[in-house]
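Top to bottom, those sequences are chains A, B, C, D, E and F. The numbering of the first sequence is our numbering, which starts it at 46 and goes up by one. The numbering of the second sequence is our numbering, which starts it at 46 and goes up by one. The numbering of the third sequence is our numbering, which starts it at 46 and goes up by one. The numbering of the fourth sequence is our numbering, which starts it at 46 and goes up by one. The numbering of the fifth sequence is our numbering, which starts it at 46 and goes up by one. The numbering of the sixth sequence is our numbering, which starts it at 46 and goes up by one. Each residue gets a CB set at the ideal place from its N, CA and C atoms; glycine is no exception.
Number of protein chains: 6
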Amino acid sequence: MNTVSELKQLPKDQKTPFEAVVVLRKSQIKKARNDSEFLMVELGDKSGIFHVVCFGNSTHYPLFLNAREGTIFRVQGTTDYYQNRFSPALSNIEKVHESEITRYLDHLVECAPIPIDELWKELQAFIGQIGNDALMETVSHAIGDLESSFKTFPGAISMHHAYRAGLMEHTVRMARACIALLPLYPEVDPDLALAGTLIHDLGKALEYTGDLATTKSALGHLHGHVVLGYRQVRRAALKASLPEALLDRLEHIILSHQGELEWGAATKAATPEAVFVSMVDNLDAKMGMVQYALRSTPANQDFSEFVPGLGAPLLVKSPPAS
Amino acid sequence: MNTVSELKQLPKDQKTPFEAVVVLRKSQIKKARNDSEFLMVELGDKSGIFHVVCFGNSTHYPLFLNAREGTIFRVQGTTDYYQNRFSPALSNIEKVHESEITRYLDHLVECAPIPIDELWKELQAFIGQIGNDALMETVSHAIGDLESSFKTFPGAISMHHAYRAGLMEHTVRMARACIALLPLYPEVDPDLALAGTLIHDLGKALEYTGDLATTKSALGHLHGHVVLGYRQVRRAALKASLPEALLDRLEHIILSHQGELEWGAATKAATPEAVFVSMVDNLDAKMGMVQYALRSTPANQDFSEFVPGLGAPLLVKSPPAS
Amino acid sequence: MNTVSELKQLPKDQKTPFEAVVVLRKSQIKKARNDSEFLMVELGDKSGIFHVVCFGNSTHYPLFLNAREGTIFRVQGTTDYYQNRFSPALSNIEKVHESEITRYLDHLVECAPIPIDELWKELQAFIGQIGNDALMETVSHAIGDLESSFKTFPGAISMHHAYRAGLMEHTVRMARACIALLPLYPEVDPDLALAGTLIHDLGKALEYTGDLATTKSALGHLHGHVVLGYRQVRRAALKASLPEALLDRLEHIILSHQGELEWGAATKAATPEAVFVSMVDNLDAKMGMVQYALRSTPANQDFSEFVPGLGAPLLVKSPPAS
Amino acid sequence: MNTVSELKQLPKDQKTPFEAVVVLRKSQIKKARNDSEFLMVELGDKSGIFHVVCFGNSTHYPLFLNAREGTIFRVQGTTDYYQNRFSPALSNIEKVHESEITRYLDHLVECAPIPIDELWKELQAFIGQIGNDALMETVSHAIGDLESSFKTFPGAISMHHAYRAGLMEHTVRMARACIALLPLYPEVDPDLALAGTLIHDLGKALEYTGDLATTKSALGHLHGHVVLGYRQVRRAALKASLPEALLDRLEHIILSHQGELEWGAATKAATPEAVFVSMVDNLDAKMGMVQYALRSTPANQDFSEFVPGLGAPLLVKSPPAS
Amino acid sequence: MNTVSELKQLPKDQKTPFEAVVVLRKSQIKKARNDSEFLMVELGDKSGIFHVVCFGNSTHYPLFLNAREGTIFRVQGTTDYYQNRFSPALSNIEKVHESEITRYLDHLVECAPIPIDELWKELQAFIGQIGNDALMETVSHAIGDLESSFKTFPGAISMHHAYRAGLMEHTVRMARACIALLPLYPEVDPDLALAGTLIHDLGKALEYTGDLATTKSALGHLHGHVVLGYRQVRRAALKASLPEALLDRLEHIILSHQGELEWGAATKAATPEAVFVSMVDNLDAKMGMVQYALRSTPANQDFSEFVPGLGAPLLVKSPPAS
Amino acid sequence: MNTVSELKQLPKDQKTPFEAVVVLRKSQIKKARNDSEFLMVELGDKSGIFHVVCFGNSTHYPLFLNAREGTIFRVQGTTDYYQNRFSPALSNIEKVHESEITRYLDHLVECAPIPIDELWKELQAFIGQIGNDALMETVSHAIGDLESSFKTFPGAISMHHAYRAGLMEHTVRMARACIALLPLYPEVDPDLALAGTLIHDLGKALEYTGDLATTKSALGHLHGHVVLGYRQVRRAALKASLPEALLDRLEHIILSHQGELEWGAATKAATPEAVFVSMVDNLDAKMGMVQYALRSTPANQDFSEFVPGLGAPLLVKSPPAS
């Protein structure tokens, strides 16, 4: 089995047979001049992508047409080039069975540096630390009902923690920081702050769609993750009989965590807990960019690429034995 | 009965007895140096305001302490000045009975130029024009459940339609414009657009508090009118069994009508109906500022005061017999 | 006759003879290393473009050198590729005769969805609706003197109504909205508002150059459409003996219609008519983007591409049978 | 004759007779509660201002009602206070005769530090330095037709050179800088740059009104000084038969000199001359703020007040014998 | 001894003898019309301020003229009013002896809620926790050389920790947060981060002047606290022989900690330590505003005044027994 | 010897032997999938660039690995294409000897239009014009210690004077303007202004690295040119025993010359000299863009490409014989 990157390094002028496992990243119906439709299919793994054009009379057409973005395929074919772009001819295509998917995940997409199971376990432990029962149940329901998305979705489409399980990694890291800082800021209600931390970005599990090939869902476009998270938590709070006065403040943390209206906040943070969560969010998002730049920059370079969220390239060389 | 403005024009150097009807606009508990508390009470009518300091041992103290902002009082006293500010001594104070309030409204606060009853009737007629039954019911419930606030609240605290019933006036005027424009933009679904117009600002009935002395409610601070309107409509839609797909779009109109994120929109308008409603909102808000400048500028002046929302003073002189 | 798009789909590895009708979109003199000059010629139709390099010793050189951008050519040649870009060899080139041009327009450039003649007729009718004679004559002269440009130029180079006759389409649509809304805003002088609507963007007929291949004229760069429109209307008003006081207000509509100084307005709108026209302009410009996204998105997609002027992709799927 | 400042220092508790010469700065018609109209008159000299309320039955009413802002009065009366504000009772009022005005100018308003006659002479000399005759005549006519306003108006209402004859002082200083710099930038056409410098702010002579009490004229509000200057120069160029190609570039200097669209420029500077004039304008405006801060800060202070246009207080202490 | 606030509450119409201890907050030389100079002296305590005009022939003149801002006086006199403002007549003035000052501090200025000595001890302990000796010495020298200012200056002139010893309080609180968070972010060098935290705002000890009446020093205006801190640390690092490579990174923390260039950062944070310190700074600054709003809002109010740095009033009511 | 541009015009389908002199512009270590490292080397001259991939087993590997950016090579090889990009096979590579470099400079990089020696001589003359000896020595040391970088570095990486010796050209041109303008602004201390002009951008000699292939140095990223210039001047001033009061003001010119905080200024200009230098800097930077657009636009075009720093394309056609 080859990576896409390896396939592209094979000699251009000869057609080499290969086998690869790839994820369907995007599939768009296009109309040719003669009004016949075709599919423009984007396939790829962690190392790169390629496109395949699939006309209606192809045997693969129905398979691709009905597959959702994120479906994993085992493909066989020969390398080829069209207009100098890698355009392999695929002879055989089959969906990888559900049961096999985890084997390939690492090969297909970039993942959080901490295993999903560990993150999930730590998250559950944090939920257990919420002292107020109704609050704890609210958080538990709200996350539990979206478990599979919450476990695998990225923290953002670009910017920070933008990889599989990044949403959960960011949430867990923020909860760690929250626990570490709470003794220093006694004016912050610890239960509300921890609960707010755990669900502040929950709406992303509804805003995004497809854990292997993430894009915005229709509701993501129309409502945005702030309002979707608000709605999800409201629903869970009803089940958990959370008193209205606590719910108002929990919701306020979600509505204000983006910090500034132009970054998508519905209101400015106006409770000690909301100010606190919004600042811890900011801290961990920026540190996530630092961590990512550190692990993705080649060892021999002093500076990373320019990091848009930092507004600078990062000095990745360690300071001298300090 | 005197207006506050008239009282301030009486001779400063003699104490004149008077009677006035005023609304309690603000009442703040303050602490004196010696730690005893007192009330700083702001009373006023449409023509002006004055402050009364009320210590704990005053007979009026409990009355003022327990009164909500917006309560109407008939007061008697004599004019007086303290540190050159009008500070009358009040001898008698009594709450005006509910049944009498309407008599004094015009005296106490600025009102929309169209009577509330006419606006309400026209609003009901617009609701009746919504062709889709579930949509119509949704709007009817959503507004009906907040009838008394919706009928009397201003369109904004400052900026546009900032007077009693301004919210309803702005809504009705937008509905008129909506009906006039819909034939020109057939790509806009008329039922959704009309429904969206009627409830786009509904959250203000929850964001504000007190129709005679409007301020932001606690929920107004924590959630904002956009999210409060969304929540109110969601609740009404459940009662009316509005299909999810229509509700998503109706909610999107509320969430996006402010136009820009930094003006408080939760998302950018992304349906034909949402773009349309947001533009009609903008048009009528600006024309509301024009109308207000026209009717509040003295007849002999060519230009109004500077209008912040327009970024200019308005030329109020009519063009020559064009 | 083939479209450029079709030519590009022919087999890359064989030279196929073809005939096409194309418009000269750009022609730039470049200097080779050895100081000899050559022309880089951009040709295209509605479906796509290609480039031809033409050296001084080519027989086509004088023809291309002297042709203005927007000239239409019938070309014959064979398909070919250079550095993997489509670079046909042209054997024969001839200018299409003036009398034939209209036959090819639809093939060559994107046009407004309403025929030019209908738009023009409707525009004339709107001019006729201006009650004040001097105002009507002013508008009539101002537009009449630029008839051919005004009829065919786009509404903008990018952003909204950016296609042949888009300027006139936008003007006519705004006039429709103006007529529909005027009864609702009696504080707006109807004659001034209608006249202002009709000429608000007139300067674009001077700011742009070339109706088939639109770019900015030198004066467009140096003066901008706002000032050029002001100048054109001033000249027409002198002919029509428009009283100064009306002219001042008509000019003010042009000078302020862009809304904000940073978008190119010379002043902020400060008359009821100017506020009104500027808001209707904003409404129709945004709805023009909606209309364009609706008709250019493939039927099978739910969302359009990202629309810069809306700040979002548009949901193009109709709402369920509402 | 007393200054207003001196009058305000007289004992508050006794009515002292006085005589003063003051300028009518503002006169607003107001409506009392009882619908009778009165005038709120603002009078002042360089040292301060005071207000006089003048009812319809006062003998002074017609005099004030018909006087234009900027009229100079000799007033007699006795000092008095109303609500602790200086409110003298005026017994006698008479307009100062035209022929006497210059005697009082210094007493009444702040003036440029260079005498008006010298500035005018130097300005004429600069006009004479324009080599191209038609350009020279254009500038001469354009300025000459507005001579009296151009000679006395301020450079701005606030910000820089905001005092009598500040407009001419700024223009002359810029011309000096222009002449000094032109040899260093040979890519700048010297005639165009000098002509452009001399008329870049000419529109302010139309945008403002009243040289002793400057406010914006109606046209100033509706058209702005950039467009008014453009119009004035266009008219003069026709008289002087300036070739269109030169006029386009001269006008471009006016249209672009504000630098950024949001500061009121109609276009961005796009010729060497326009870039040059806009930069020299910026330089002299800022240095004008420096000069003003230097001469208006008391000798014993190291720093001036905060200067808004500089975004800082200015260190006015000279550097040590450098 | 009375507070200023109490003095202002004494009967206005009778002259009451009093004694007070006040700090000289500002003393400006002004010039009267007749060119004689006088001092405008601002005196006050924590509860309020008043002004005294002091002419050259007054016996107090030399005392005030030569006193620095921040000097503490014991004054005796009688209450009086001039133009309705409290203007007491001072009969006796004497400087409070150095040895007595601490007795009055609490009476005179608002202080950090933690005693200065405790803050200083905790700070020294944090310095001791820096593992790298040269770094530790650098920080120790840099702070030690400015001990008295660093101990007493506010964290900012307005915005956050804006009271006596606020600079040290903010520094200590940040160090606590730093220590709590470092285990969670192992990519951050702990010695550099702690050192950077302790000296990030050190320049304020040079930017401000006067611990009892803080204003900007001349160098504060000309260089700003970021560069002044850089310079101070550079000097200390030379003494401590800190290796250049560590110094570069320590300086970078100071230069970048303000976060954004427009907030005064010289560069964007580009090391893990600098990103970390800048985020912790932001967190503690905002929490400082929360703490201040909580302790300065009267117990009976739900919301604080509008807090500019938060962009909202803060809900100060505790959440229900969560 | 061929230019890179000429090599790219040779027939694609045949391998042609060539010799060229090129500068090493960038050399990045990359990791292949199989974890073996390779160098991606960017070579070029003034006419263009190309890339060479160099694996560890290549004979050229150690040469490229150890060469600094900016090293000049004489290369021999044959033309070739990989994936349609010019990828020559290099057979022989040797470093050009130091002594030969100047011969090739013109061939390799774009240079200032004035010879370096003349600029340096003129610069020295300006230093000599500083009347105050300590100031003169400070400037002389500060520049002298960085002579080689200061002589050859560009004025900016992009934007203005972005070519070899552009930094010195901009400095000299500003000094000329400074000398020309000083007589007009006597409130500006001429010695300080001239000294400040000469060293305002000196930090760029430390912020950049590599005169033939300029990038930001590590210190450039961490400290920025403003602070680096400040530090360099501070050091020189100590040697020259410049009095502190003069040094404070000289440093302030460096710290504030960028004009706005968001453009990198550490403080706003707050002395007459700093305001003056910052304005002259702005003027010459913009005129540098004008000069560059004029000399790099082909003679037959009226307008240059869009110039980002001007926000417009420049009209490069001379005005008619004015």
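- Each of B/H96, B/L180, B/E143 and B/P107 was checked against the Cα of B/A285, and the nearest Cα belongs to B/L180.
- Contacts with chain D (Cβ-Cβ distance below 9 Å) from the region 340–360 of chain B involve P343, A344, N345, Q346, D347, F348, A357, P358 and L360, listed in chain order.
- Sequence-ordered contacts of the region 92–107 of chain E with chain D are nonexistent [C-beta pairs closer than 7 Å].
- Here the alpha carbons of A/L229 and E/R221 stand approximately 7 Å from one another.
- Residue contact with chain D for F/Y275: absent (no Cβ-Cβ distance below 9 Å to any residue of chain D).
- A/Y253 counts as buried, since at least 16 other C-beta atoms from the protein chains shown sit within 10 angstroms of its C-beta.
- C/N327 has its alpha-carbon roughly 33 Å from the corresponding atom of B/A281.
- Residue contact with chain E for A/Q59: absent (no Cβ-Cβ distance below 9 Å to any residue of chain E).
- Counting along the chain, E/G304 sits inside no alpha helix (DSSP H), nor does DSSP assign it H or E at all.
- Counting along the chain, C/P358 sits inside the beta strand (DSSP E) bounded by residues A357 to L360.
- Only buried fits C/Y275, as 16 or more other CB atoms lie within 10 angstroms of its CB.
- B/E163 is positioned such that its CB atom lies no closer than 9 Å to that of B/R209.
- Beta-bridge partners of A/R209 (DSSP): A/C156.
- In this chain, the beta strand (DSSP E) harbouring B/K140 covers A134 to K140.
- Look at D/E318: its C-beta is not under 9 Å from any C-beta on chain C.
- Counting every other CB atom within 10 Å of its CB across the protein chains shown gives E/H302 a total of 16 or more, marking it as buried.
- Rounded to whole angstroms, the gap between the alpha carbons of E/L55 and E/E296 is 54 Å.
- Around D/M324, the beta-carbon contacts reaching into chain F at under 7 Å are N327, L328 and K331.
- Across the structure, E/R148 and E/L212 are spaced so that their CA atoms are roughly 22 Å apart.
- DSSP, read as helix, strand or coil, puts F/Y230 in coil.
- Contact annotation for B/V271 against chain A: A311 [CB-CB distance below 7 Å, chain order].
- Taking all protein chains in view, the Cβ of B/R70 is crowded by 16 or more other Cβ atoms within 10 Å, so the residue is classified as buried.
- At a cut-off of 9 Å, the C-beta of E/I202 has no neighbouring C-beta in chain D.
- Contacts with chain D at 9 Å (Cβ-Cβ) do not include F/V66.
- B/A250 and B/R119 have their C-alpha atoms roughly 28 Å apart.
- The C-alpha of C/P199 is placed about 34 Å away from the C-alpha of C/S103.
- Annotation: E/Q73 to E/L264 spans about 20 Å, alpha carbon to alpha carbon.
- Residue pairing for E/M332: DSSP places it in no beta bridge.
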